[in-house]
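*Asks:*
Protein chains in written order, with this note's numbering: chain A, 6 to 120; chain B, 550 to 663.
1) Our contact map puts residue 11 of chain A next to residue 113 of chain A with C-beta atoms below 8 Å; I'd like the distance itself, whole angstroms only.
2) Compute the distance between the beta-carbons of residue 660 of chain B and residue 624 of chain B, then report whether it is under 7 Å.
3) Against residue 110 of chain A, what residues of chain B qualify as contacts under a CB-to-CB distance less than 7 Å, listed in chain order?
4) Any C-beta of chain A sitting closer than 7 Å to the C-beta of residue 576 of chain B?
5) Against chain B, does residue 60 of chain A count as a neighbour if the rule is that its beta carbon must be under 7 Å from one of theirs?
6) Let's test the definition: count the other Cβ atoms within 10 Å of the Cβ of residue 567 of chain B and tell me whether it reaches 16, buried, or not, exposed.
7) Look at the alpha carbon of residue 617 of chain B and the alpha carbon of residue 648 of chain B, and state the distance between them as a whole number of angstroms.
8) What's the gap between the Cα of residue 26 of chain A and the Cα of residue 552 of chain B?
9) Ignore the nearest five residues each way along the sequence and tell me which others in residue 72 of chain A's own chain have a CB closer than 6 Å to its CB.
10) I'd like the ranges of any beta strand (DSSP E) spanning at least 3 consecutive residues and lying wholly in the segment 587–656 of chain B.
11) State the Cα-Cα distance for the pair residue 62 of chain A and residue 14 of chain A, rounded to the nearest angstrom.
12) Can you list, in chain order, the residues of its chain whose CB lies under 7 Å from that of residue 596 of chain B, leaving out five sequence neighbours each side?
13) Spell out whether any CB of chain A is found under 7 Å from the CB atom of residue 648 of chain B.
14) Have a look at A/24, A/49, A/117 and flag the residue whose alpha-carbon is nearest the alpha-carbon of residue 111 of chain A.
15) Apart from the five residues just before and just after residue 579 of chain B, which ones in its own chain have a Cβ nearer than 6 Å to its Cβ?
16) Could you give the DSSP three-state label for residue 62 of chain A: helix, strand or coil?
17) Taking the alpha carbon of residue 593 of chain B as the point to measure from, which residue in A/108, A/64, A/86 has its own alpha carbon closest?
18) Closest Cβ-Cβ distance between residue 639 of chain B and chain A: below 7 Å?
19) Take the Cβ of residue 588 of chain B as the centre, count every other Cβ of all protein chains shown within 10 Å, and call the residue buried at 16 or more, exposed below.
20) Please confirm whether residue 102 of chain A and residue 33 of chain A have their CB atoms less than 7 Å apart.
21) At a threshold of 6 Å, does residue 554 of chain B count as lining the ligand MN (C-beta to nearest heavy atom)?
22) Could you say which of B/662, B/640, B/644, B/651 lies nearest to residue 46 of chain A if we only look at CA atoms?
23) Give the residues of chain A in contact with residue 615 of chain B, contact being defined as C-beta atoms less than 9 Å apart.
Right, dumping it as structure tokens:
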């Protein structure tokens, strides 16, 4: 069975500082990994995904994520946080071994960027 | 359409009533998903439609929940005899067929059972 964990419910960071939102996963085969962001009263928006190739994936709004197979992690990062980055972030995984199954989402991490 | 459209955006219903939630996916997206988002619980998978295949209903929490997708497009999620624990945001998403595709989400329906 596939699963994903976001160990932090809340991350606080000062504007201009680098940010990291953590995600670890468990799959039987190889993972397809996704990050989504949810702003208040909105649906989830796609940020980036890892399918294959380079372990460092660049996405929307200056975000990037690094796939680490040995640590089964896919942490979301940004070099310099903005107040407008404050939102709820979800990591999701699909196990390639299981076929075209629905994405499994983590519980989300609330990012608060303080001016 | 340009995005995934869900209606209504908000629904308040009395305990025991039935409700219907609608999702209009992106044209050409053959896969359609329903998730439920409860406070502190993340996204809970409910049901998945893919083309003409039988839907994956493995996430439906009880037999009070059902969903259909007509003509491979619009989907309706029905909750019968609503309970207070059904209060949540119900999210619909659609995607192209294939493991490497992510989802496009609608804005959700916030259901409150009083």
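Heads up, the beta-carbon is just placed ideally off N, CA and C, and yes, glycines get one too.
Here the structure is a predicted model, which means the values were calculated and not measured.
*Replies:* Taking the definition as stated:
1) For this step, residue 11 of chain A is matched to residue 6 along the first chain. For this step, residue 113 of chain A is matched to residue 108 along the first chain. Indeed, because the Cβ distance is near 6 Å, the residues count as touching under 8 Å.
2) Within the second chain, numbered from 1, the residue matching residue 660 of chain B stands at position 111. Within the second chain, numbered from 1, the residue matching residue 624 of chain B stands at position 75. When the beta-carbon positions are compared, residue 660 of chain B and residue 624 of chain B stay at least 7 Å from each other.
3) Counting from one through the first chain, the residue named residue 110 of chain A turns up at place 105. Under the 7 Å cutoff, chain B gives 591, 592.
4) Counting from 1 along the second chain, the entry for residue 576 of chain B is found at position 27. For residue 576 of chain B, no Cβ of chain A is located within less than 7 Å of the residue's own Cβ.
5) For the purposes of this step, residue 60 of chain A is taken as the residue at position 55 of the first chain. Against chain B, the CB of residue 60 of chain A has no partner CB under 7 Å away; the residue lies outside that interface.
6) Looking up residue 567 of chain B in the second chain gives position 18. In this structure residue 567 of chain B is exposed. Its beta-carbon is surrounded by fewer than 16 other beta-carbon atoms within 10 angstroms.
7) Residue mapping note: residue 617 of chain B aligns to position 68 of the second chain, counting from 1. Residue mapping note: residue 648 of chain B aligns to position 99 of the second chain, counting from 1. Take the alpha-carbon of residue 617 of chain B and the one of residue 648 of chain B: they are about 23 Å apart.
8) In the first chain, the residue the question calls residue 26 of chain A occupies position 21. In the second chain, the residue the question calls residue 552 of chain B occupies position 3. Rounded to whole angstroms, residue 26 of chain A to residue 552 of chain B spans 27 Å at the Cα level.
9) Residue mapping note: residue 72 of chain A aligns to position 67 of the first chain, counting from 1. 55, 60, 79, listed in sequence order.
10) With a minimum length of 3 residues, the continuous beta strand (DSSP E) runs that stay inside the segment 587–656 of chain B are 591–599, 614–618, 624–628, 637–644.
11) Here residue 62 of chain A is taken as the residue at index 57 of the first chain, counted from 1. Here residue 14 of chain A is taken as the residue at index 9 of the first chain, counted from 1. Going from the Cα of residue 62 of chain A to the Cα of residue 14 of chain A covers about 23 Å.
12) Translated into the one-based positions of the second chain, residue 596 of chain B becomes position 47. Excluding positions up to five away in sequence, the list reads 583, 604, 605, 606, 608, 609, 616.
13) The residue given as residue 648 of chain B occupies position 99 in the second chain. With a threshold of 7 Å between beta carbons, residue 648 of chain B makes contact with chain A.
14) Numbered from its first residue, the first chain carries residue 111 of chain A at position 106. Taking each of A/24, A/49, A/117 in turn and checking the Cα distance to residue 111 of chain A, the smallest one comes out for A/49.
15) By 1-based counting over the second chain, the position of residue 579 of chain B is 30. Closer than 6 Å at Cβ, skipping near neighbours: 600, 646.
16) Along the first chain, one-based indexing puts residue 62 of chain A at 57. In the displayed model, residue 62 of chain A falls within a strand according to three-state DSSP.
17) Indexing the second chain from 1 puts residue 593 of chain B at position 44. Distance from the Cα of residue 593 of chain B is smallest, within the candidate group A/108, A/64, A/86, for A/108.
18) On the second chain, residue 639 of chain B is found 90 positions in, with the first residue counted as 1. For residue 639 of chain B, the answer is no, since every Cβ of chain A falls outside 7 Å of its Cβ.
19) Position 39 of the second chain, counted from the first residue, corresponds to residue 588 of chain B. Its Cβ having fewer than 16 others within 10 Å, residue 588 of chain B is exposed.
20) Position 97 of the first chain, counted from the start, is the residue given in the question as residue 102 of chain A. Position 28 of the first chain, counted from the start, is the residue given in the question as residue 33 of chain A. Yes, Cβ-Cβ distance for residue 102 of chain A and residue 33 of chain A is below 7 Å.
21) Of ligands this structure carries none, so the ligand MN is not represented either.
22) Translated into positions along the first chain, residue 46 of chain A becomes position 41. Closest option to residue 46 of chain A, Cα to Cα, is B/640.
23) Working through the second chain from its first residue, we reach residue 615 of chain B at position 66. Chain-order list of chain A residues neighbouring residue 615 of chain B: empty, with the shortest C-beta distance near 17 Å, by a criterion of under 9 Å.
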